[in-house]
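Step one of this worksheet: look at the structure below.
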Amino acid sequence: TVQAESLARFEPVTFDARIVSLVEEVAGAAGLSCRRITSGAGHDAQMIARIAPSAMIFVPSRGGISHNPAEFTAAGELVAGANILLGVAARLAAD
431 TVQAESLARF EPVTFDARIV SLVEEVAGAA GLSCRRITSG AGHDAQMIAR IAPSAMIFVP
491 SRGGISHNPA EFTAAGELVA GANILLGVAA RLAAD
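The end of the sequence shown is residue 525 by our numbering, with every number in the run present.
Below is the structure:
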């Protein structure tokens, strides 16, 4: 037999619409495609969103694998994601 025990349960959150839109704008301006996705995984941003405006930026992983030892993201994709983060932060700081 197999037994399972729930150690934690966190309610879903909706990210800040303005920041999500900024992520899309900055990605588009950089010529990068993007789409909104729902994440079923737990993230620190899930907790932060309860107290501060938040959003997440996902970058492609080989084969779509994430949260797994086989996860791999090319350096160029990581740099692109970091540049989107920088662009969003700069826009927020300028407001």
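The C-beta atom is built at its ideal place from N, Cα and C for all residues, glycine as well.
Note that this is a predicted model, so its numbers are computed, not measured.
- Pairwise C-alpha distance: G506 and A520: Position 90 of the sequence shown, counted from the first residue, corresponds to residue 520. Position 76 of the sequence shown, counted from the first residue, corresponds to residue 506. If you take the alpha carbons of A520 and G506, they lie about 21 Å apart.
- For S463, which of L522, V518 and I514 has the nearest alpha-carbon? Reading the sequence shown from its first residue, position 33 is the one you call residue 463. It is I514 whose Cα lies nearest to the Cα of S463.
- Query: Since I467 and F440 are thought to touch, with beta carbons under 8 Å apart, how far apart are those beta carbons, to the nearest angstrom?
  - Reply: Indexing the sequence shown from 1 puts residue 467 at position 37. Indexing the sequence shown from 1 puts residue 440 at position 10. In this structure I467 does not touch F440 by the C-beta definition: roughly 18 Å separates them, more than the 8 Å allowed.
- Task: Taking 8 Å as the cut-off, decide whether the C-beta atoms of V450 and A479 are in contact.
- Result: Stepping through the sequence shown from its first residue, residue 450 is reached at position 20. Stepping through the sequence shown from its first residue, residue 479 is reached at position 49. Cβ distance not < 8 Å, so V450 and A479 don't count as in contact.
- Which word fits V456, buried or exposed, when buried means at least 16 other C-beta atoms lie within 10 angstroms of its C-beta? As a position in the sequence shown, residue 456 is number 26, starting the count at 1. Taking all protein chains shown into account, V456 has 16 or more neighbouring C-beta atoms within 10 Å of its C-beta and is therefore buried.
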